[in-house]
Every structure is written in structure tokens, then in C-alpha cells.
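Let me begin by presenting the structure, written as C-alpha cells, before commenting on it.
Numbering (the numbering used here), first residue to last: 1 to 495.
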């Protein structure tokens, strides 16, 4: 095959994106379908998507055949999961691909923005590398699971950058892109999609551009269209699902900010500790150094951008800190902005090495900047690749139930005529049970531990310690197998 003469000139602009894709592939996509569906949120979304895929109702999310009044977020993320289910089937990969793809697009966005606005490809490339090696970002409940956070982070990052471009370039197309970004952010994770509005407003006042912004009719047209779409969805769902708006108020709005939900509390230092000790531990010093540099940069474009980053980061951080409900992954939308901020100090060293007199005079090829980048990123990158091979949230024994069901779906073990006895939320297992039933496997849940006559003669899968004690005290049983902390009993009758 003979390539066209201009092939390499056409493909050259794509090479940085290809390199970013290759580097990010392993942290974002590597072994993405090996561990079972994670408990709570990912499981809930997976079942929502599964039921939407089967019932064809795209405005109201369902759980166990009824409208879901616990997970009340709009369904953009679930629509994406359903789309992948239609392409590749109902499996872990379909549930998680939207998050991983959103993370990849966020890396591309950081590079594209830096290249086109700052005319600095290296700084954007460094920002992408920082993001893909941030532990709190490449984590369960963010990039590595089918949760909302990686997707909403893409849209919040996009609308913040588009708003900045609107202020600097005064081009109306950016205000429409800003509106599109916050609309998709709200359609992904409700009110979280608007949490950057406060720092954006403060920055506008700080830069004395309030009059310019408020006098622009396109702001009202674009934002009006965005909020009209958002209102149309919420009101439309309320008409189909009465009580939905009250559930949204309780779950997504005032409830989480004014009171502790589901025991997720913490001190005023909660997020600082998580960022410094785990989530951003490799890059926090660089973020601090960049914050200092941002105040004195000679490059006006770069100084304005980094100061804008600081406003957005500190503003969002303050909002989640004053909220009564505190959960580690609430910091996820900060990581793309932190990556762009942190890249400044790393680039500062890179540029100094590039222009250092000794290197330019003594070395035929000045490789010191490339060596510096390799040295600074090799350990974080190696660690993040190793981390991506692990179950991101919990210990193996906690997921023994799910692991058994996952293997059954793959045909690696037989759970026909088995019943699951569990006294907590069952969304962890519903996803797999639905798939197994579609394959003709006789598997279900025990409705009530005190009335198990219907399960006599069948095998009962039990993980919780108090239920094992109950069975062994009340029933004539035979232990058929044990896997981790799960015991499979065959119940013959009452004692």
C-alpha cells in the first residue's frame, strides 16, 4: 500500500493526541471489565441503564420496575451507558466506558486549549500527563467506574474554559459553548454541574468585566436556552413521575448541603487531607508552586489563565467544604483544573532546561527537558498503571458475592437453582441476576429469611455473618461450598 505524499503532513497535528491516547489508555481503559460492578452508586446506575435498555423508557430511570426515587440525577450518563449496552451488550465495559471516554476527552481538551489559546503544546501535554497520574481521578467513583464524576468533570472543565475564552476574546460563540457545557453538566449530575458558577461570577467582578458580561444579549439567549432545556426535563419527568421534584430537592439540593446524608460527614479539613495524602499527593507541591508563580508571570495570557484557575479551584473547594455531606470523590471536578495549574511550575523547569546556556552550548541535542519530564512522570505513571489493575474500592472478600455472579455470567461457575440471601440494598447483585435470568438460569433472591420454605432443596448463597448464624441455628443444612467469606448452603428443612 502506497501512502499519499501528503499523508504525514496531514497526520502530524494528530500525533500529540495519539500519544496522549496511548499513554492514557492503560490508566483509563486497562482491565476495565475485570472487576465486578462496584457497590452502591455504580451498581445503581448499572441497573438503571439495564432497565432503560430493556423497557425503552428514556426520560424516567427505573429500579426494580419502578421509577427510581433514590438516584434522582438526570439521565445523560445512563443514556451513554445504554448506548454502549446496545453496541456491546449488558456488561461491565458498557457501564464504565462513558467514564473512561470522558476522561480521555478531558485530556484532549486540556491539550487543545493550551495549544490553541496559549500556543503552548508542551504545557497542555504536561497537564494531560498530570491528570492521568492523579490518584483521586484515576480511581473508583471517577474514571475507573460507571459513576457520574468523570463525565461531569469533562463538562464543568469545558464550560469554565469556554467562559474564560469568552471574557478574553469577547467572541459570542464561546458563550454558547459555555451554555452547552453547563447544560450537559446538569444533565449528568444535577446541581453539581453548576457549582462553578459562584467562582466564575466572583472572577468576573474581580476582573471588572461585569458590565461587559451582563450587557451581552447572547449571555441571556444561550443561558436561557440551557436552563429551558433543564427545566423542560425536570418538569417533564415530574409529570411522568409525580414526587420527583421533591425527591430531587431532598437528595440532590438542600439535603446534601444542609445535613449529613448516609453518614458522610467530615471536618473542615476533610478534603485537604484527602488531596494531600492520597488524591493529589504527587502534584500538590507543584500546584502550590504554580499558584505562587501565577501572581508574577510576565506572560499576560498565562498569568490571567492561572489566576482564573485559582479562582475556580478555590471557589469550588469552598463550596464542597461548607457542605455538610462530605465524600472523597466530590473533589473529582477539581482535578482537570489542578492539572492545568500544576503544569505551569513543571513547564517552568522544562523551559529553563531548554534555554539553559550550558546545555545549548555544550550539547549537540539538548535532551535535558525530555529527561526531566521522563524522570518526573515515570514513577507516578508506573504507580497509576499498577493501581489500575486492582479493584478500585474495596477488599476482595467484600466483593465475593459479586465475583461469584460475575463468573457465572461468564460461564465460569454454575449458579443454577441458587438463591441469594442478603439483608441490604441488592443493586450490587441485581445487574448480574438480571443477565443470568435472561440466559435461562434459575437464580433469585430469598424474599424473607424467616420464610425460606420456597428455597428448600435449593442452594443458598450467604455472605453476611449474622445470616450464616441464623441458617445454622434454624435449619437443617449442608455446606456445599465456600468462596472467600461466602458459604453456599443446601437447605433441607427446619430443625
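Here a beta-carbon is modelled for each residue, glycine too, at the ideal position from N, C-alpha and C.
Using the rule of at least 16 other Cβ atoms within 10 Å of the residue's Cβ for burial, across every protein chain shown, is residue i buried or exposed?
i           : result
residue 306 : buried
residue 176 : buried
residue 322 : exposed
residue 480 : exposed
residue 195 : buried
residue 135 : buried
residue 246 : exposed
residue 249 : exposed
residue 278 : exposed
residue 451 : exposed
residue 170 : exposed
residue 153 : buried
residue 199 : buried
residue 14  : exposed
residue 122 : buried
residue 71  : buried
residue 473 : exposed
residue 6   : exposed
residue 222 : buried
residue 405 : buried
residue 292 : exposed
residue 24  : buried
residue 288 : exposed
residue 124 : buried
Identify which residue in the options has its Cα closest to the Cα of residue i.
i           : options               : result
residue 334 : 352, 198, 313 and 484 : 313
residue 128 : 405, 486, 337 and 33  : 337
residue 268 : 318, 156 and 432      : 318
residue 398 : 347, 39 and 316       : 39
residue 340 : 146, 187, 155 and 110 : 110
residue 390 : 35, 11 and 19         : 35
residue 55  : 82, 29, 31 and 72     : 82
residue 345 : 303, 332, 357 and 326 : 303
residue 146 : 222, 29 and 239       : 29
residue 90  : 52, 105 and 242       : 52
residue 436 : 412, 366 and 471      : 412
residue 401 : 445, 382 and 367      : 445
residue 230 : 182, 244, 251 and 215 : 182
residue 315 : 11, 108, 448 and 202  : 202
residue 190 : 178, 197, 167 and 253 : 253
residue 50  : 434, 124, 489 and 222 : 434
residue 207 : 308, 186, 119 and 159 : 308
residue 73  : 184, 11 and 12        : 184
Among the residues of its own chain, which have a CB less than 7 Å from the CB of residue i, if the five just before and after it don't count?
i           : result
residue 213 : 204 and 219
residue 27  : 132, 138, 384, 385 and 388
residue 21  : 104
Leaving out five residues on either side along the sequence, give the residues of the same chain with a beta carbon under 6 Å from the beta carbon of residue i.
i           : result
residue 328 : 274
residue 380 : 133 and 282
residue 33  : 92 and 93
residue 370 : none
residue 126 : 343, 346 and 347
Locate the alpha helix (DSSP H) running through residue i, then write down its first and last residues.
i           : result
residue 478 : No alpha helix (DSSP H) contains residue 478, which is instead part of the beta strand (DSSP E) from 475-483.
residue 181 : 173-189
residue 217 : 217-240
residue 343 : 334-355
residue 29  : 15-29
residue 284 : 284-293
residue 309 : 300-322
residue 204 : 197-206
residue 406 : 400-409
residue 39  : Careful: residue 39 lies outside any alpha helix (DSSP H) and carries neither H nor E.
residue 385 : 368-387
residue 212 : 210-214
residue 145 : Residue 145 -> no alpha helix (DSSP H), and no H or E assigned at all.
residue 92  : 92-113
residue 496 : In the structure as shown, the chain starts at 1 and stops at 495, and residue 496 therefore has no counterpart that could be examined.
Assuming residue i is part of the beta strand (DSSP E), what are its boundary residues?
i           : result
residue 493 : 486-494
residue 445 : 443-445
residue 418 : 418-421
residue 459 : 459-462
Beta-carbon within less than 8 Å of residue i's beta-carbon, same chain only, minus the 5 sequence neighbours each way: which residues are those?
i           : result
residue 86  : 53
residue 491 : 452, 455, 456, 457, 458, 460, 471, 475, 476 and 477
Nearest chain C C-beta to residue i closer than 8 Å, yes or no?
i           : result
residue 329 : Here there is only one protein chain, and chain C is not present.
Quick one: any contact between the segment 441-449 and the segment 97-117, if contact means 3 or more CB pairs under 8 Å? no
Do the segment 291-298 and the segment 112-120 touch if we need at least three Cβ pairs shorter than 8 Å? no
Could you check whether the segment 276-292 touches the segment 124-143, counting it as contact only if at least three pairs of C-beta atoms, one from each stretch, sit closer than 8 Å? yes
Three or more C-beta pairs closer than 8 Å, one from the segment 45-58 and one from the segment 76-87: is that the case here? yes
Take every Cβ of the segment 414-426, pair it with every Cβ of the segment 453-473, and state whether three or more of those distances are shorter than 8 Å. yes
Across the segment 429-438 and the segment 55-62, are there enough close Cβ pairs to call them in contact, namely three or more that are closer than 8 Å? no
Any 3 or more C-beta pairs closer than 8 Å across the segment 140-153 and the segment 64-71: no
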